[in-house]
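Residue 238 in our numbering sits at position 238 of the sequence shown; the count goes up by one each step and never skips.
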Amino acid sequence: MVRLRFEGHRSGAGPLTAGQGNIAKWLLDVPHAPAAVLDHAFAVPPGTTVRDVADCFEVLLCRHEGLRSTYELGDPGVQRVLASGTLPLRVHPGLDAARLVALCRAEPFDPAAAPPVRFAVAVNDGRVSAAVVVCSHIVADFQALAVLDAEFTELIRDPTARVPGEPRPQPLDRAALEARPARRRRMETALRHWERALREAPAHPYAGPRTGPGGGSGACGISSTAAAMALEHVAARTGTSRPAIVLAAFCALLSRRTGDATCSFVTLSANRFESDLLRYVGTLAQSTFLTVEVGDSGFDALVRRCFGAVLQAGLHGAYDVYRQHEHSTRITADRGVAPSFEPVFNSVVMDTRAPDPRPLREIERAAATETQWVDLPATDVLLRFDLGSVDGALVARLWSGDTGRVGPAEVTALLLALERLLVAAAAGDLDHAGIVAALALPPIERPAGWLRVDRCWVDLAEVQRLVDDALAPDACRVFASVDGAPLVAFVAGGPGTAEEAHRRCLAALPGRHAAMTPGRYVLCGQSPVDPSSLADWRAVPVLSEGTGRAALLALSPT
Numbered sequence: 001m002v003r004l005r006f007e008g009h010r011s012g013a014g015p016l017t018a019g020q021g022n023i024a025k026w027l028l029d030v031p032h033a034p035a036a037v038l039d040h041a042f043a044v045p046p047g048t049t050v051r052d053v054a055d056c057f058e059v060l061l062c063r064h065e066g067l068r069s070t071y072e073l074g075d076p077g078v079q080r081v082l083a084s085g086t087l088p089l090r091v092h093p094g095l096d097a098a099r100l101v102a103l104c105r106a107e108p109f110d111p112a113a114a115p116p117v118r119f120a121v122a123v124n125d126g127r128v129s130a131a132v133v134v135c136s137h138i139v140a141d142f143q144a145l146a147v148l149d150a151e152f153t154e155l156i157r158d159p160t161a162r163v164p165g166e167p168r169p170q171p172l173d174r175a176a177l178e179a180r181p182a183r184r185r186r187m188e189t190a191l192r193h194w195e196r197a198l199r200e201a202p203a204h205p206y207a208g209p210r211t212g213p214g215g216g217s218g219a220c221g222i223s224s225t226a227a228a229m230a231l232e233h234v235a236a237r238t239g240t241s242r243p244a245i246v247l248a249a250f251c252a253l254l255s256r257r258t259g260d261a262t263c264s265f266v267t268l269s270a271n272r273f274e275s276d277l278l279r280y281v282g283t284l285a286q287s288t289f290l291t292v293e294v295g296d297s298g299f300d301a302l303v304r305r306c307f308g309a310v311l312q313a314g315l316h317g318a319y320d321v322y323r324q325h326e327h328s329t330r331i332t333a334d335r336g337v338a339p340s341f342e343p344v345f346n347s348v349v350m351d352t353r354a355p356d357p358r359p360l361r362e363i364e365r366a367a368a369t370e371t372q373w374v375d376l377p378a379t380d381v382l383l384r385f386d387l388g389s390v391d392g393a394l395v396a397r398l399w400s401g402d403t404g405r406v407g408p409a410e411v412t413a414l415l416l417a418l419e420r421l422l423v424a425a426a427a428g429d430l431d432h433a434g435i436v437a438a439l440a441l442p443p444i445e446r447p448a449g450w451l452r453v454d455r456c457w458v459d460l461a462e463v464q465r466l467v468d469d470a471l472a473p474d475a476c477r478v479f480a481s482v483d484g485a486p487l488v489a490f491v492a493g494g495p496g497t498a499e500e501a502h503r504r505c506l507a508a509l510p511g512r513h514a515a516m517t518p519g520r521y522v523l524c525g526q527s528p529v530d531p532s533s534l535a536d537w538r539a540v541p542v543l544s545e546g547t548g549r550a551a552l553l554a555l556s557p558t
């Protein structure tokens, strides 16, 4: 082991930034979530010594306060910058980068006790063969890791560059900026944007019938050279980023399959629109709602629309996560839905280079597309698209949170349809009919019993199972519509009040992607002879009835 010594420009303490607070709440809610720890392997030239790598890591520690800070989780929480000190550089002979990362991930971080950052190198024949950093997400996001990678690359190649340099924007500075009145107003606007979207978006954008038993979780990964080459042509034609083009293809696919002309779902905003954040090492990314009108648009117009939607969503990407949670809890309970706040579309690609389209004929000769299915840990989100790379090959994965509803074959078919659309768009703009033809997938077929309620697709049978489970052992029956009101539940005995019935249904709702709570509860003194008959339910004594939302409405802003 080697001690990495650092001495920065200052020490200090202050509240967590909005981005840090977002991760802090996640860590408190899910302490050992694998995605809450990030890792990165740096490229090292042949002949690199351990001292070379140590010198580079020491410079990074001096430059970036977030790497040498401790963090107290909570609201508002505290970040404490250490002016000087040491961190270990772990040295292991004969390992590769993946094994180094695994060793660094093996022990959980305690961010309040020590900076939650670990550095390690592998050596062979006295020279470094791999160098990695593993850190808590409260320290950095993916774009911050890209900043570290660029700086490390410069430092390892040029020893004269191994100086800390001038002070740069740091997380303490960010926290002070966020405390200013103008920035507080911007964050309030972001909360209002979140509220509006949450009241209007479907709970699960890809809700459809169950096609198989059980509900595992897994993803299909794709590596497509042809799609990456096609992106170069569309980017040159439209003047937009390649991730925005992939987003447009995803929205077109989602709209085609669901039948929704508008796509509205959670995505991640990098929150790096300000020029002084280009070299900022800290966690900035937060979830935000993205809304795209797909309609009958042509592909190029949809690409530009998505590019604008990303910028618009980015204006609302920083907010107080604790207040957002309070608002979201109230709104979702009022609507009777349990959406996932994991991103449906997530890109870690930093697209900074100009497009370089090659002759179209080369797309036809591209290497064969590779797909691979892997099982993954359970997740609340029904369908999630992760974009990992667009250079050389489009590398992405589509993740199903319920393989009994969206199985491996369907996930693979969706990815290949997205690839077909991108390749078709390389030669020129596609009108709506051309998009549909390229996707070559029909809309989801929903059998009788599926309803469109408050912009959500729900299965009446799933709603019935929800109510049966939540209110057992009471007899209950949910009807699709009663006197124009959707999803009315008749219940014999049991909960006592509509508010209690609604509370119990909300508690049982998470993970049921094709259900929502009843909109009204009718509490009856007894069960009718035929519980399937609305007329028989109406013939028994009614003790009380209501939406169960009275307490929520009293808390709603005027």
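In this text, a Cβ means the ideal position worked out from N, Cα and C, and glycines have one as well.
message: My output table needs one value for residue 72: the three-state DSSP class, helix, strand or coil.
response: If DSSP states are grouped into helix, strand and coil, residue 72 belongs with the strands.
task: Note down, in chain order, each residue of its chain lying with its Cβ closer than 6 Å to the Cβ of residue 547, except the 5 sequence neighbours on either side.
output: If we look at residue 547 and ignore the five residues flanking it on each side, its Cβ neighbours are 520.
Same chain, Cβ closer than 6 Å to residue 87, neighbours up to 5 away in sequence not counted: So the list reads 4, once near-sequence residues are dropped.
- request: Would you mind listing the alpha helix (DSSP H) stretches within the region 104 to 169 that are 4+ residues and don't spill past its ends, in chain order?
  value: Counting only runs of 4 or more, we get 142 to 157.
query: What distance in whole Å lies between the Cβ atoms of residue 221 and residue 371, which are believed to be in contact at a cut-off of 8 Å?
result: Indeed they touch by this definition, with Cβ atoms about 7 Å apart.
task: Whole angstroms is fine: what's the gap from residue 215's alpha carbon to residue 490's?
output: Roughly 29 Å separates the two Cα atoms.
Short Cβ contact (8 Å threshold) for residue 386 with residue 396: Note that the C-beta distance between residue 386 and residue 396 is below 8 Å.
- prompt: Using the beta-carbon count (16 or more within 10 Å), is residue 555 buried or exposed?
  reply: Bear in mind that the predicted position of residue 555 carries a pLDDT of just 48, short of 50, making it too unreliable to give a figure here.
message: Quick check: residue 41 and residue 132, are their CB atoms within less than 8 Å of each other?
response: Residue 41 is a Cβ neighbour of residue 132, given a cutoff of 8 Å.
- request: Please name the residue in 49, 190 and 207 whose C-alpha comes closest to that of residue 380.
  value: If we check each option's Cα against that of residue 380, 207 comes out closest.
task: Determine the extent of the beta strand (DSSP E) in which residue 9 is found, giving its start and end residues.
output: Per DSSP, residue 9 belongs to no beta strand (DSSP E) and is neither H nor E.
field: Inter-stretch contact (C-beta, 8 Å, three-pair minimum) for the region 289 to 299 and the region 239 to 258
entry: Touching, yes.
message: Along the chain, where does the alpha helix (DSSP H) containing residue 475 start, and where does it finish?
response: Careful: residue 475 lies outside any alpha helix (DSSP H), inside the beta strand (DSSP E) at 475 to 482.
query: Whose C-beta lies closer than 7 Å to the C-beta of residue 309 among residues of the same chain, with five residues either side of it excluded?
result: The residues are 290, 291 and 292.
- prompt: With a cut-off of 8 Å, do at least 3 Cβ pairs link the region 310 to 324 to the region 180 to 191?
  reply: Judged by Cβ distances under 8 Å, the region 310 to 324 makes contact with the region 180 to 191, as three or more pairs qualify.
message: Report the start-end ranges of each beta strand (DSSP E) in the region 255 to 283 that is 3 residues or longer and not cut off at the edges.
response: Assignment of beta strand (DSSP E) within the region 255 to 283, counting only whole runs of 3 or more residues, yields 262 to 269 in chain order.
field: Reference residue 485, options 492, 451, 476 and 162, closest by Cα
entry: Scanning 492, 451, 476 and 162 for the CA closest to the CA of residue 485 turns up 451.
Through-space distance from residue 488 to residue 544, alpha-carbon basis: Residue 544 and residue 488: Cα-Cα distance of roughly 13 Å.
message: For residue 557, count the other beta carbons within 10 Å of its own beta carbon; 16 or more makes it buried, fewer makes it exposed. Which is it?
response: At residue 557, the pLDDT of 45 sits below 50, so the modelled position is not reliable; the number obtained from the coordinates is stated separately. With fewer than 16 other beta carbons inside 10 angstroms of its own, residue 557 counts as exposed.
task: In angstroms with no decimal places, state the Cα-to-Cα distance between residue 467 and residue 532.
output: The alpha-carbon of residue 467 is positioned some 14 Å away from that of residue 532.
field: For residue 522, the three-state DSSP class (helix, strand or coil)
entry: Residue state, collapsed to three classes: strand.
field: Coil, strand or helix - residue 544 by DSSP
entry: DSSP places residue 544 within a strand segment (E or B) once states are collapsed to three.
message: Assuming residue 29 is part of the beta strand (DSSP E), what are its boundary residues?
response: No beta strand (DSSP E) contains residue 29, which is instead part of the alpha helix (DSSP H) from 18 to 29.
query: If we call anything under 8 Å between Cβ atoms a contact, is residue 82 one with residue 68?
result: In this structure, residue 68 lies closer than 8 Å to residue 82 by Cβ.
query: Just to confirm, are residue 144 and residue 16 a CB contact at a threshold of 8 Å?
result: For residue 144 and residue 16, no; Cβs fall outside 8 Å.
message: Could you pull the DSSP bridge partners for residue 381 from this structure?
response: In DSSP, residue 381 forms no bridge with anything.
Separation of residue 48 from residue 125, as counted between CA atoms: Each residue's Cα considered, the two are about 11 Å apart.
Residue 556 - DSSP class collapsed to helix/strand/coil: Only weak support exists for where residue 556 lies, its pLDDT of 48 falling under 50; the value from the coordinates is given anyway. If DSSP states are grouped into helix, strand and coil, residue 556 belongs with coil.
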